[in-house]
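Working notes for the structure below.
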Amino acid sequence: MGKRPIDVGLIITTVEDRDRDWILSWPEIKELVVLGESVGFDSVWIPDHLIHEPEGVERYGIWEAWSLISALAAVTSRIRIGPHVLCTGWRNPAMIAKMADTVDEISNGRLILALGAGWHEPEYRAFGFPFDHRIGRFAESLEIIAPLLKTGSVTFEGEFSSAVDCELRPRGPRPDGPPIMIGTIAGTPLGGWLGIERGGNRVLDLVARYADLWNCPIVNDPSLIPGIREMIDTACIRNDRDPKSLPRTNGVAFNLPGWESTPGNPNVRERRLAMGAREGDPAELAELLLA
(Lines of atoms letter the chains of each structure in order from A; the text may use other names.)
(Lines give C-alpha, C1' and ligand atoms only; values in the text may rest on other atoms or scores of the structure.)
Protein backbone atom coordinates (compact mmCIF):
# COMPACT_ATOMS: atom_id res chain seq x y z
CA MET A 94 0.00 0.00 0.00
CA GLY A 95 1.42 3.37 -1.00
CA LYS A 96 0.42 6.86 0.12
CA ARG A 97 -3.05 6.51 -1.38
CA PRO A 98 -5.81 5.01 0.81
CA ILE A 99 -6.24 2.24 -1.79
CA ASP A 100 -4.10 0.58 -4.45
CA VAL A 101 -5.29 1.14 -8.02
CA GLY A 102 -4.55 -1.18 -10.92
CA LEU A 103 -5.32 -1.47 -14.63
CA ILE A 104 -7.11 -4.34 -16.36
CA ILE A 105 -5.91 -4.37 -19.97
CA THR A 106 -8.39 -5.14 -22.76
CA THR A 107 -6.74 -7.92 -24.79
CA VAL A 108 -9.87 -9.12 -26.59
CA GLU A 109 -11.10 -8.49 -30.12
CA ASP A 110 -14.07 -6.22 -30.55
CA ARG A 111 -17.22 -7.97 -31.67
CA ASP A 112 -16.70 -6.99 -35.30
CA ARG A 113 -13.37 -8.85 -35.04
CA ASP A 114 -11.53 -6.05 -36.81
CA TRP A 115 -9.60 -4.57 -33.86
CA ILE A 116 -7.43 -5.83 -31.02
CA LEU A 117 -4.52 -4.28 -29.17
CA SER A 118 -1.19 -5.44 -30.63
CA TRP A 119 1.73 -6.47 -28.42
CA PRO A 120 3.55 -3.13 -28.99
CA GLU A 121 0.37 -1.30 -27.97
CA ILE A 122 -0.11 -3.46 -24.87
CA LYS A 123 3.51 -2.92 -23.84
CA GLU A 124 3.25 0.84 -24.41
CA LEU A 125 0.04 1.04 -22.37
CA VAL A 126 1.46 -0.93 -19.43
CA VAL A 127 4.76 0.96 -19.38
CA LEU A 128 2.77 4.22 -19.39
CA GLY A 129 0.58 2.93 -16.55
CA GLU A 130 3.68 2.13 -14.53
CA SER A 131 5.21 5.55 -15.21
CA VAL A 132 2.13 7.48 -14.02
CA GLY A 133 1.87 5.52 -10.78
CA PHE A 134 -0.61 2.68 -11.14
CA ASP A 135 0.08 -0.05 -8.58
CA SER A 136 -0.75 -3.14 -10.63
CA VAL A 137 -1.68 -4.38 -14.09
CA TRP A 138 -3.95 -7.32 -14.86
CA ILE A 139 -4.36 -9.44 -17.98
CA PRO A 140 -7.68 -11.28 -18.59
CA ASP A 141 -7.38 -15.04 -19.11
CA HIS A 142 -9.64 -16.51 -21.77
CA LEU A 143 -9.18 -18.52 -24.96
CA ILE A 144 -12.22 -17.37 -26.93
CA HIS A 145 -15.47 -15.55 -26.26
CA GLU A 146 -18.70 -16.96 -27.63
CA PRO A 147 -21.66 -15.21 -25.96
CA GLU A 148 -25.10 -16.51 -26.82
CA GLY A 149 -26.29 -15.00 -30.08
CA VAL A 150 -22.91 -13.41 -30.90
CA GLU A 151 -20.30 -14.63 -33.37
CA ARG A 152 -17.15 -15.98 -31.72
CA TYR A 153 -14.30 -13.52 -31.13
CA GLY A 154 -10.81 -14.00 -29.76
CA ILE A 155 -8.26 -12.88 -27.18
CA TRP A 156 -4.51 -13.08 -26.67
CA GLU A 157 -3.22 -15.81 -24.33
CA ALA A 158 -2.70 -14.34 -20.88
CA TRP A 159 0.38 -16.05 -19.48
CA SER A 160 2.51 -15.27 -22.52
CA LEU A 161 1.64 -11.58 -22.14
CA ILE A 162 2.29 -11.63 -18.39
CA SER A 163 5.73 -13.18 -18.91
CA ALA A 164 6.62 -10.55 -21.50
CA LEU A 165 5.33 -7.68 -19.35
CA ALA A 166 7.38 -8.93 -16.40
CA ALA A 167 10.51 -8.35 -18.48
CA VAL A 168 9.67 -4.82 -19.69
CA THR A 169 8.51 -3.31 -16.37
CA SER A 170 10.32 -2.74 -13.10
CA ARG A 171 7.91 -1.63 -10.37
CA ILE A 172 4.27 -2.34 -11.15
CA ARG A 173 2.78 -5.59 -9.85
CA ILE A 174 1.56 -8.02 -12.50
CA GLY A 175 -1.08 -10.74 -12.52
CA PRO A 176 -3.76 -12.57 -14.48
CA HIS A 177 -7.39 -11.58 -13.98
CA VAL A 178 -7.81 -14.44 -13.24
CA LEU A 179 -5.84 -17.51 -14.40
CA CYS A 180 -8.14 -20.44 -15.18
CA THR A 181 -6.88 -23.67 -13.63
CA GLY A 182 -9.25 -25.67 -15.84
CA TRP A 183 -6.92 -25.74 -18.83
CA ARG A 184 -3.50 -25.83 -17.16
CA ASN A 185 -1.76 -28.51 -15.11
CA PRO A 186 -1.68 -27.25 -11.50
CA ALA A 187 1.93 -28.22 -10.77
CA MET A 188 2.98 -26.46 -13.97
CA ILE A 189 1.02 -23.38 -12.88
CA ALA A 190 3.14 -23.25 -9.72
CA LYS A 191 6.33 -23.74 -11.75
CA MET A 192 5.34 -21.02 -14.22
CA ALA A 193 4.40 -18.66 -11.40
CA ASP A 194 7.69 -19.04 -9.56
CA THR A 195 9.58 -18.46 -12.82
CA VAL A 196 7.65 -15.28 -13.69
CA ASP A 197 8.15 -14.12 -10.11
CA GLU A 198 11.88 -14.48 -10.77
CA ILE A 199 11.64 -12.54 -14.05
CA SER A 200 9.69 -9.76 -12.34
CA ASN A 201 11.84 -9.71 -9.18
CA GLY A 202 8.92 -10.61 -6.93
CA ARG A 203 6.08 -8.63 -8.52
CA LEU A 204 3.69 -11.43 -9.55
CA ILE A 205 0.28 -11.88 -7.95
CA LEU A 206 -1.04 -15.32 -8.91
CA ALA A 207 -4.77 -14.77 -9.28
CA LEU A 208 -6.65 -18.04 -9.86
CA GLY A 209 -10.19 -19.04 -10.72
CA ALA A 210 -12.27 -22.02 -11.77
CA GLY A 211 -13.36 -20.58 -15.13
CA TRP A 212 -16.95 -20.26 -16.30
CA HIS A 213 -17.22 -19.94 -20.11
CA GLU A 214 -18.04 -23.42 -21.41
CA PRO A 215 -17.50 -22.70 -25.16
CA GLU A 216 -13.77 -22.12 -24.70
CA TYR A 217 -13.37 -25.40 -22.81
CA ARG A 218 -15.19 -27.22 -25.58
CA ALA A 219 -13.28 -25.53 -28.41
CA PHE A 220 -9.85 -26.28 -26.92
CA GLY A 221 -10.66 -29.78 -25.69
CA PHE A 222 -10.75 -29.26 -21.92
CA PRO A 223 -13.34 -30.91 -19.62
CA PHE A 224 -15.95 -28.59 -18.14
CA ASP A 225 -17.48 -31.11 -15.72
CA HIS A 226 -16.75 -30.98 -11.96
CA ARG A 227 -15.40 -27.46 -12.44
CA ILE A 228 -15.26 -26.57 -8.74
CA GLY A 229 -13.95 -29.99 -7.73
CA ARG A 230 -11.12 -29.67 -10.25
CA PHE A 231 -10.36 -26.18 -8.99
CA ALA A 232 -10.20 -27.41 -5.39
CA GLU A 233 -7.72 -30.14 -6.32
CA SER A 234 -5.61 -27.65 -8.26
CA LEU A 235 -5.32 -25.50 -5.15
CA GLU A 236 -4.27 -28.53 -3.10
CA ILE A 237 -1.25 -28.77 -5.41
CA ILE A 238 -0.48 -25.13 -6.21
CA ALA A 239 -0.66 -23.71 -2.68
CA PRO A 240 1.76 -26.11 -0.93
CA LEU A 241 4.14 -26.11 -3.90
CA LEU A 242 4.48 -22.34 -3.74
CA LYS A 243 4.44 -22.07 0.06
CA THR A 244 6.78 -24.98 0.87
CA GLY A 245 8.39 -25.97 -2.43
CA SER A 246 7.09 -29.54 -2.52
CA VAL A 247 3.89 -31.58 -2.59
CA THR A 248 2.51 -35.07 -3.00
CA PHE A 249 -1.16 -35.21 -3.89
CA GLU A 250 -3.25 -37.76 -5.75
CA GLY A 251 -6.83 -36.76 -6.43
CA GLU A 252 -9.66 -37.70 -8.73
CA PHE A 253 -8.70 -35.10 -11.35
CA SER A 254 -5.11 -34.01 -10.62
CA SER A 255 -1.98 -35.47 -9.13
CA ALA A 256 1.58 -34.47 -8.34
CA VAL A 257 3.75 -37.14 -6.71
CA ASP A 258 7.00 -36.14 -5.00
CA CYS A 259 6.84 -32.85 -6.89
CA GLU A 260 9.36 -30.14 -6.05
CA LEU A 261 9.99 -26.58 -7.22
CA ARG A 262 13.68 -26.12 -7.99
CA PRO A 263 15.13 -23.56 -8.27
CA ARG A 264 12.99 -21.19 -6.25
CA GLY A 265 12.07 -17.64 -7.17
CA PRO A 266 12.89 -14.52 -5.12
CA ARG A 267 10.25 -15.08 -2.41
CA PRO A 268 10.63 -18.12 -0.12
CA ASP A 269 6.84 -18.51 0.11
CA GLY A 270 6.32 -17.83 -3.58
CA PRO A 271 4.01 -15.22 -5.07
CA PRO A 272 0.76 -14.50 -3.20
CA ILE A 273 -2.32 -16.41 -4.31
CA MET A 274 -5.42 -14.41 -5.11
CA ILE A 275 -8.70 -16.21 -5.77
CA GLY A 276 -11.40 -14.56 -7.84
CA THR A 277 -15.07 -15.40 -7.29
CA ILE A 278 -18.21 -14.21 -9.06
CA ALA A 279 -20.93 -16.60 -7.89
CA GLY A 280 -23.38 -14.72 -5.70
CA THR A 281 -22.32 -11.33 -7.09
CA PRO A 282 -24.04 -9.14 -9.70
CA LEU A 283 -21.54 -10.33 -12.31
CA GLY A 284 -22.36 -13.93 -11.45
CA GLY A 285 -26.01 -13.23 -12.12
CA TRP A 286 -25.22 -11.38 -15.35
CA LEU A 287 -23.21 -14.38 -16.57
CA GLY A 288 -25.73 -16.90 -15.25
CA ILE A 289 -23.26 -18.37 -12.76
CA GLU A 290 -24.83 -18.96 -9.38
CA ARG A 291 -23.75 -22.50 -8.53
CA GLY A 292 -20.79 -23.31 -6.31
CA GLY A 293 -20.84 -20.01 -4.40
CA ASN A 294 -20.19 -21.26 -0.87
CA ARG A 295 -17.78 -23.96 -2.05
CA VAL A 296 -15.60 -21.42 -3.82
CA LEU A 297 -15.78 -18.95 -0.93
CA ASP A 298 -14.63 -21.73 1.39
CA LEU A 299 -11.63 -22.28 -0.91
CA VAL A 300 -10.87 -18.57 -0.68
CA ALA A 301 -10.88 -18.77 3.12
CA ARG A 302 -8.57 -21.80 3.11
CA TYR A 303 -6.04 -20.94 0.41
CA ALA A 304 -6.11 -17.28 -0.63
CA ASP A 305 -3.69 -14.56 0.38
CA LEU A 306 -6.04 -12.08 -1.32
CA TRP A 307 -9.60 -12.20 -2.60
CA ASN A 308 -10.92 -10.60 -5.79
CA CYS A 309 -14.48 -9.78 -6.74
CA PRO A 310 -14.04 -9.07 -10.47
CA ILE A 311 -16.61 -6.39 -11.31
CA VAL A 312 -18.91 -4.53 -8.90
CA ASN A 313 -19.72 -0.98 -10.02
CA ASP A 314 -22.27 -0.11 -7.31
CA PRO A 315 -20.63 0.73 -3.94
CA SER A 316 -23.87 -0.05 -2.11
CA LEU A 317 -23.41 -3.74 -2.97
CA ILE A 318 -19.96 -4.01 -1.39
CA PRO A 319 -21.08 -4.53 2.26
CA GLY A 320 -23.20 -7.54 1.32
CA ILE A 321 -20.39 -9.08 -0.70
CA ARG A 322 -17.94 -8.50 2.14
CA GLU A 323 -20.35 -10.20 4.50
CA MET A 324 -20.32 -13.32 2.29
CA ILE A 325 -16.53 -13.61 2.43
CA ASP A 326 -16.44 -12.75 6.16
CA THR A 327 -18.91 -15.57 6.81
CA ALA A 328 -16.78 -17.99 4.79
CA CYS A 329 -13.68 -17.04 6.77
CA ILE A 330 -15.46 -17.58 10.08
CA ARG A 331 -16.83 -20.89 8.81
CA ASN A 332 -13.24 -21.98 8.10
CA ASP A 333 -11.74 -20.67 11.36
CA ARG A 334 -9.98 -17.75 9.69
CA ASP A 335 -9.94 -14.18 10.93
CA PRO A 336 -11.73 -12.17 8.21
CA LYS A 337 -9.33 -9.28 8.81
CA SER A 338 -6.45 -11.48 7.61
CA LEU A 339 -7.84 -11.56 4.05
CA PRO A 340 -7.19 -8.44 1.92
CA ARG A 341 -9.96 -7.75 -0.60
CA THR A 342 -9.87 -6.37 -4.14
CA ASN A 343 -12.66 -5.31 -6.44
CA GLY A 344 -12.87 -4.53 -10.14
CA VAL A 345 -14.74 -1.50 -11.43
CA ALA A 346 -15.53 -0.88 -15.10
CA PHE A 347 -15.05 2.70 -16.29
CA ASN A 348 -15.69 4.51 -19.55
CA LEU A 349 -13.57 7.66 -19.56
CA PRO A 350 -14.06 10.76 -21.71
CA GLY A 351 -12.63 10.40 -25.21
CA TRP A 352 -13.54 6.74 -25.65
CA GLU A 353 -15.07 7.56 -29.05
CA SER A 354 -11.62 8.22 -30.55
CA THR A 355 -10.22 4.81 -29.60
CA PRO A 356 -10.47 2.02 -32.22
CA GLY A 357 -12.84 -0.75 -31.22
CA ASN A 358 -14.23 1.10 -28.23
CA PRO A 359 -17.85 1.53 -29.39
CA ASN A 360 -18.33 -2.23 -29.11
CA VAL A 361 -16.23 -2.49 -25.96
CA ARG A 362 -18.28 0.33 -24.40
CA GLU A 363 -21.50 -1.51 -25.23
CA ARG A 364 -20.32 -4.64 -23.41
CA ARG A 365 -19.08 -2.69 -20.42
CA LEU A 366 -22.29 -0.70 -20.08
CA ALA A 367 -24.19 -4.01 -20.07
CA MET A 368 -22.16 -4.89 -16.96
CA GLY A 369 -23.02 -1.57 -15.33
CA ALA A 370 -19.85 0.33 -16.23
CA ARG A 371 -19.66 3.86 -14.88
CA GLU A 372 -19.01 6.88 -17.08
CA GLY A 373 -17.61 10.21 -15.96
CA ASP A 374 -14.53 12.38 -15.76
CA PRO A 375 -11.49 11.23 -13.74
CA ALA A 376 -12.50 13.21 -10.63
CA GLU A 377 -15.98 11.64 -10.57
CA LEU A 378 -14.55 8.16 -11.00
CA ALA A 379 -11.96 8.76 -8.28
CA GLU A 380 -14.82 9.52 -5.90
CA LEU A 381 -16.42 6.22 -6.89
CA LEU A 382 -13.22 4.32 -6.08
CA LEU A 383 -13.10 5.89 -2.63
CA ALA A 384 -16.79 5.25 -1.88
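Using our numbering, the first residue of the sequence shown is number 94, and each one after it goes up by one.
From the three backbone atoms N, C-alpha and C, an ideal C-beta is built for every residue, glycine too.
Residue i (DSSP reduced to helix, strand or coil)
i	result
W307	strand
W119	helix
M94	Low local confidence applies: a pLDDT of 42 at M94 is under 50, so the model's placement there is unreliable, and no value is given.
G273	The residue you asked about is not Gly; residue 273 is Ile in the sequence shown. In the structure shown, I273 sits in a strand (DSSP, three-state: E or B).
E109	coil
D225	coil
W231	What sits at residue 231 in the sequence shown is Phe, not Trp. Helix, per DSSP.
E260	strand
G202	coil
V132	coil
I99	coil
I278	coil
V247	strand
Between the CA atoms of residue j and residue i - distance to the nearest angstrom
i	j	result
W138	T106	9 angstroms
E380	D326	25 angstroms
D187	A256	With the sequence shown as reference, residue 187 is identified as Ala, and Asp is not the correct amino acid for it. So the alpha carbons of these two residues sit roughly 7 angstroms apart.
L241	R264	10 angstroms
K123	E377	28 angstroms
L287	K243	A caution first: L287 carries a pLDDT of 47, below 50, which makes its placement in the model unreliable, though a value can still be read off. Roughly 33 angstroms separates the two Cα atoms.
E121	T181	28 angstroms
E260	D114	44 angstroms
F249	R230	13 angstroms
L179	N313	22 angstroms
G102	D333	30 angstroms
P98	N343	14 angstroms
L143	D110	14 angstroms
H177	P272	14 angstroms
S316	D258	48 angstroms
T277	S234	16 angstroms
Residue interval of the beta strand (DSSP E) (run including residue i)
i	result
S254	S254 -> no beta strand (DSSP E), and no H or E assigned at all.
A207	L206 to G209
L103	G102 to I104
I155	From DSSP, I155 is part of no beta strand (DSSP E); its letter is neither H nor E.
P390	Residue 390 cannot be examined here, being either before or after the span of the chain that is shown, 94 to 384.
Span of the alpha helix (DSSP H) around residue i
i	result
L165	A158 to V168
V196	P186 to I199
T342	T342 -> not in any alpha helix (DSSP H); beta strand (DSSP E) instead, spanning R341 to N343.
R218	E214 to F220
R173	Note, R173: premise wrong, no alpha helix (DSSP H); beta strand (DSSP E) at R173 to H177.
Contact under 8 angstroms by Cβ, residue i with residue j
i	j	result
V196	I162	yes
R331	D298	yes
D136	R173	For the record, residue 136 in the displayed sequence is Ser; it is not Asp. A contact, by the Cβ cut-off of 8 angstroms.
N348	E323	no
I116	P140	no
H213	F253	no
F222	W183	yes
E296	A210	Residue identity check: residue 296 is Val in the sequence provided, not Glu. Yes.
Those residues which DSSP pairs with residue i across a bridge
i	result
P319	Paired residues: none, contrary to the question.
R371	F347
C82	There is no way to answer for residue 82, as the model of the chain reaches only from 94 to 384.
I144	G154
Cβ-heavy atom distance, residue i to the ligand ADP, below 7 angstroms
i	result
R267	Among the ligands in the structure shown, none appear at all, so the ligand ADP cannot be discussed.
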